[in-house]
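One structure is given here, and the rest of the page talks about it.
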Amino acid sequence: MNTELLTIEEAAELLRLPVATLRHYRAQGEGGPRSAKIGRRVMYRRADVLEYIDAAFAA
1 MNTELLTIEE AAELLRLPVA TLRHYRAQGE GGPRSAKIGR RVMYRRADVL EYIDAAFAA
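4 is the number that full-length UniProt numbering gives to position 4 of the sequence shown; each next residue is one higher, with no gaps.
Here's what the structure looks like:
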């Protein structure tokens with residue numbers, strides 16, 4: 001599986017959101033794209049971020 005992973009900074013840039021907003025979503029467990037902690041870093045799959053964007057436009 002060829003999955004591109006994004007750091008929280010890269011995901012925030014793609015979403016045009018502040019990093020703090022993604023951190024808030026993760027802390028609350030609601031909103032935002034799926035994320036996972038890999039080692040010491042929070043990572044996002046590019047596909048999940050794009051899916052999150054598509055879902056926002058579909059709503």
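Idealized CB from N, CA, C, for every residue including glycine.
Exposed unless 16 or more other CB atoms sit within 10 angstroms - verdict on residue 59 = So residue 59 counts as exposed.
Go to residue 60, then tell me how far its beta strand (DSSP E) extends in each direction, as first and last residue.
-> There is simply no residue 60 to check, as the chain begins at 1 and stops at 59 in what is shown.
What residues in its chain sit with their C-beta under 6 angstroms from that of residue 34, if we drop five residues either side in the sequence?
-> 48
Can you tell me the Cα-Cα spacing of residue 39 and residue 8, whole angstroms?
-> 14 angstroms
Inter-residue spacing [alpha-carbon to alpha-carbon] between residue 25 and residue 12 = 12 angstroms
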